[in-house]
């Protein structure tokens with residue numbers, strides 16, 4: 001009987017802690033701008049994004065679903081694309097600095113693939129303080145398209 005009581009108390013404590021952590025989650029909007037490079041095509045461009053991530057800024061580890069609108073432009077090739085990118089990631093670190101590996105699925109239009117495209121995004125971000133993030137990503141606008149786009153995004157979290 002004592003074991004059941006101990007397990008019940010531990011379960012209630014775990015649920016209370018989880019609820020407390022969930023209550024501290026916030027939806028954090030952001031905007032980014034950064035250079036893009038496609039080394040397989042020797043092409044350089046610019047990428048912009050706007051989105052949000054939902055996580056607990058105070059927790060040492062916090063799972064983070066996010067959603068991003070991403071646009072790319074390669075002026076020399078007159079190539080552009082616009083994508084919706086649902087992502088998942090994990091924010092790891094103390095309150096003032098977070099390491100943030102993330103990945104997502106890209107859905108949208110890209111003139112490099114010629115039409116509607118779906119591909120993937122993966123990256124690693126470093127959050128500094130409350131507002132600034134440096135995000136290193138790779139984008140593949142279409143899985144049937146061989147060019148991988150490398151990016152270094154400067155992100156401002158609101």
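Residue numbers (the numbering used here): 1 to 158.
Where a beta carbon is used, it is the ideal one built from N, C-alpha and C, also for glycine.
Everything numeric in this text was worked out from a predicted model, so none of it was measured.
Between residue i and the rest of its own chain, which residues show a CB-CB distance below 6 Å, the 5 nearest in sequence each way excluded?
| i | result |
| --- | --- |
| residue 104 | 85, 86, 87 and 121 |
| residue 139 | 121 and 149 |
| residue 119 | 106, 140, 141, 142 and 143 |
| residue 62 | 55, 56 and 91 |
So residue i is in the beta strand (DSSP E); what residue range does that whole segment cover?
| i | result |
| --- | --- |
| residue 127 | 115-128 |
| residue 41 | No beta strand (DSSP E) holds residue 41; DSSP gives it neither H nor E. |
| residue 155 | 149-157 |
Could you tell me if residue i is buried or exposed, where buried requires 16 or more neighbouring beta carbons within 10 angstroms of its beta carbon?
| i | result |
| --- | --- |
| residue 35 | exposed |
| residue 45 | buried |
| residue 99 | exposed |
| residue 49 | buried |
| residue 155 | buried |
| residue 114 | exposed |
| residue 55 | buried |
| residue 151 | buried |
| residue 101 | exposed |
| residue 141 | buried |
Could you tell me which residues DSSP puts in a beta bridge with residue i?
| i | result |
| --- | --- |
| residue 50 | 31 and 69 |
| residue 103 | 88 and 122 |
| residue 135 | 125 and 153 |
| residue 55 | 26 |
Which same chain residues, not among the five before or five after residue i, have their C-beta less than 8 Å away from its C-beta?
| i | result |
| --- | --- |
| residue 93 | 60, 99 and 127 |
| residue 131 | 156, 157 and 158 |
Under 7 Å: does the beta carbon of residue i sit that close to some heavy atom of the ligand MN?
| i | result |
| --- | --- |
| residue 101 | Ligands displayed in this structure: none; no statement on the ligand MN is therefore possible. |
Should residue i be flagged as near chain B, meaning a C-beta pair shorter than 8 Å?
| i | result |
| --- | --- |
| residue 158 | Reference to chain B is not applicable here, since this structure consists of a single protein chain. |
How many whole angstroms separate the CB atoms of residue i and residue j, which I take to be in contact at a CB cut-off of 8 Å?
| i | j | result |
| --- | --- | --- |
| residue 81 | residue 112 | 7 Å |
| residue 123 | residue 110 | Between residue 110 and residue 123 the Cβ distance is about 18 Å, and since that is not below 8 Å, they are no contact. |
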